[in-house]
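A.B. asks: Questions regarding the structure given below will be posed in turn.
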Amino acid sequence: DTGVSQDPRHKITKRGQNVTFRCDPISEHNRLYWYRQTLGQGPEFLTYFQNEAQLEKSRLLSDRFSAERPKGSFSTLEIQRTEQGDSAMYLCASSPKPSYEQYFGPGTRLTVT
Amino acid sequence: GENVEQHPSTLSVQEGDSAVIKCTYSDSASNYFPWYKQELGKRPQLIIDIRSNVGEKKDQRIAVTLNKTAKHFSLHITETQPEDSAVYFCAAINYSGGGADGLTFGKGTHLIIQP
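So this is what it looks like as structure tokens:
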């Protein structure tokens with residue numbers, strides 16, 4: 258499968274715990290985006306990487322959230338001290354510059370109890 | 006920032022009929038407008054897109070139209086089939102600024118195809 262992959266697909270955690278998600282973009286896609294989707298809503302932008310550089314962060318991305326993309330390949334999104342409001346689907350998308358299309362991964366569904 | 010409004014929130018049509026979903030955007034600098042189809046529990050799937058230098062684009066039963074002056078774009082699905090049932094999202098982005106702000110999505114339209 259040469260599409261965007263994400264791991265894990267589901268994560269259940271207790272409030273206050275830290276969680277980390279991984280995204281593997283399509284090979285040679287230099288743009289990588291993270292989005293969050295809650296039930297009944299469209300995805301909301303969280304952060305953007307061009308190669309290894311994190312160029313933009315949404316105001317939705319509080320200090321508890323951090324993202325990395327070492328060497329411009331896979332990316333990780335970490336949430337520290339999870340809260341119930343963090344429960345959502347976390348989606349990753351990649352895009353090959355200079356094209357405009359963004360291709361989404363299957364997402365990681367986070368449930369904070 | 007960009008704001009995208011999408012209507013209707015739910016659309017029920019008879020199989021074989023046409024469906025139209027409409028979106029408006031607020032940022033005149035936006036220049037790329039994709040449409041995604043999302044089935045329950047699955048990833049958003051890009052089905053068609055349009056750039057600001059084009060007024061209309063068609064791919065088999067699916068077409069998208071763009072009116073830059075009115076800041077309005079629409080998805081048209083003809084000869085609807087049961088497998089078209091899903092949630093459809095419109096989105097907008099300004100790639101002239103590098104695309105760093107990500108896609109801004111509408112709230113989605115739940116399309117129901119009645120047999």
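For the protein sequence lines, the chains are A and B, in the order given. Remember, our numbering sits 257 above the position in the first sequence when you count from 1. Remember, our numbering sits 5 above the position in the second sequence when you count from 1. Ideal Cβ positions, reconstructed from N, Cα and C, are used throughout, including at glycine. Owing to the predicted nature of the structure, the values given are computational and were not obtained by experimental measurement.
Could you compute how far the alpha carbon of B/T85 sits from the alpha carbon of A/F302?
C.D. replies: Position 80 of the second sequence, counted from the start, is the residue given in the question as residue 85 of chain B. Position 45 of the first sequence, counted from the start, is the residue given in the question as residue 302 of chain A. In a straight line, the C-alpha of B/T85 is about 31 angstroms away from that of A/F302.
A.B. asks: Measure the beta-carbon distance from B/F110 to A/G299 and round it to whole angstroms, keeping in mind my assumption that it falls under 8 angstroms.
C.D. replies: Translated into positions along the second sequence, residue 110 of chain B becomes position 105. Translated into positions along the first sequence, residue 299 of chain A becomes position 42. With 8 angstroms as the limit, B/F110 and A/G299 qualify as a contact, their Cβ atoms being about 3 angstroms apart.
A.B. asks: So A/I336 packs on A/R321, CB below 8 angstroms; how close in whole Å?
C.D. replies: Translated into the one-based positions of the first sequence, residue 336 of chain A becomes position 79. Translated into the one-based positions of the first sequence, residue 321 of chain A becomes position 64. Contact flag correct, Cβ pair sits at about 6 angstroms.
A.B. asks: For B/C95 and B/D32, I'd like the C-alpha separation in whole angstroms.
C.D. replies: In the second sequence, counting from the first residue as 1, residue 95 of chain B sits at position 90. In the second sequence, counting from the first residue as 1, residue 32 of chain B sits at position 27. Going from the Cα of B/C95 to the Cα of B/D32 covers about 15 angstroms.
A.B. asks: Quick check on the DSSP output: the beta strand (DSSP E) that includes B/N72 runs from which residue to which?
C.D. replies: In the second sequence, the residue the question calls residue 72 of chain B occupies position 67. I67 to N72 is the extent of the beta strand (DSSP E) around B/N72.
A.B. asks: Should B/Q19 and B/Q119 be called a contact, given that it needs their Cβ atoms to be closer than 8 angstroms?
C.D. replies: What you label residue 19 of chain B is simply residue 14 of the second sequence in a count that begins at 1. What you label residue 119 of chain B is simply residue 114 of the second sequence in a count that begins at 1. Their beta carbons are under 8 angstroms apart, which means B/Q19 touches B/Q119 by this criterion.
A.B. asks: Taking C-alpha atoms, which residue in B/I98, B/G102, B/G104 and B/L116 lies nearest to B/V9?
C.D. replies: Within the second sequence, numbered from 1, the residue matching residue 9 of chain B stands at position 4. Comparing Cα-Cα distances from B/V9 to each of B/I98, B/G102, B/G104 and B/L116, the minimum goes to B/I98.
A.B. asks: Tell me whether A/E325 counts as near the ligand SAM, meaning its Cβ is closer than 7 angstroms to at least one heavy atom of that ligand.
C.D. replies: The ligand SAM is absent from the structure shown, which contains no ligand whatsoever.
A.B. asks: Report, in whole angstroms, the separation of the C-beta atoms of A/Y347 and A/R293, which I expect to be a contact under 8 angstroms.
C.D. replies: For the purposes of this step, residue 347 of chain A is taken as the residue at position 90 of the first sequence. For the purposes of this step, residue 293 of chain A is taken as the residue at position 36 of the first sequence. Correct: roughly 6 angstroms between the Cβ atoms.
A.B. asks: Is any beta-carbon of chain A found at less than 8 angstroms from that of B/P120?
C.D. replies: The residue labelled residue 120 of chain B in the question sits at position 115 within the second sequence. B/P120 does not count as touching chain A.
A.B. asks: For chain B, find out if any of its Cβ atoms is closer than 8 angstroms to the Cβ of A/F278; answer yes or no.
C.D. replies: Numbered from 1 along the first sequence, position 21 holds the residue referred to as residue 278 of chain A. Chain B contact via Cβ: absent.
A.B. asks: Where do the N-terminal and C-terminal ends of the beta strand (DSSP E) with B/P39 fall, by residue?
C.D. replies: Stepping through the second sequence from its first residue, residue 39 of chain B is reached at position 34. Note, B/P39: beta strand (DSSP E), Y37 to Q43.
A.B. asks: Please confirm whether A/T333 and A/A324 have their CB atoms less than 8 angstroms apart.
C.D. replies: The residue you call residue 333 of chain A lines up with position 76 of the first sequence. The residue you call residue 324 of chain A lines up with position 67 of the first sequence. Yes, these two residues count as a Cβ contact at 8 angstroms.
A.B. asks: Whose Cβ in chain A lies nearer than 9 angstroms to the Cβ of B/K112?
C.D. replies: Looking up residue 112 of chain B in the second sequence gives position 107. Within chain A, the residues near B/K112 are G297, Q298 and G299.
A.B. asks: Look at the alpha carbon of A/T270 and the alpha carbon of A/G362, and state the distance between them as a whole number of angstroms.
C.D. replies: Residue numbering aside, residue 270 of chain A sits at position 13 when the first sequence is read from its first letter. Residue numbering aside, residue 362 of chain A sits at position 105 when the first sequence is read from its first letter. A/T270 and A/G362: Cα-Cα distance of roughly 21 angstroms.
A.B. asks: Within a Cβ cutoff of 6 angstroms, which residues of the same chain sit near A/D264, ignoring the five residues on either side of it in sequence?
C.D. replies: Position 7 of the first sequence, counted from the first residue, corresponds to residue 264 of chain A. The residues are R279.
A.B. asks: At the 8 angstroms Cβ level, is A/L312 part of the contact set with chain B, yes or no?
C.D. replies: Taking the first sequence and counting its residues from 1, the one referred to as residue 312 of chain A is at position 55. Answer yes: the Cβ-Cβ gap between A/L312 and chain B drops below 8 angstroms somewhere.
A.B. asks: How long is the line joining the alpha carbons of A/V261 and A/A350, rounded to whole angstroms?
C.D. replies: Residue mapping note: residue 261 of chain A aligns to position 4 of the first sequence, counting from 1. Residue mapping note: residue 350 of chain A aligns to position 93 of the first sequence, counting from 1. Each residue's Cα considered, the two are about 7 angstroms apart.
A.B. asks: According to the Cβ coordinates, are B/V92 and B/G107 closer than 8 angstroms?
C.D. replies: Translated into positions along the second sequence, residue 92 of chain B becomes position 87. Translated into positions along the second sequence, residue 107 of chain B becomes position 102. No, the pair does not count as a contact, with Cβ atoms beyond the cut-off.
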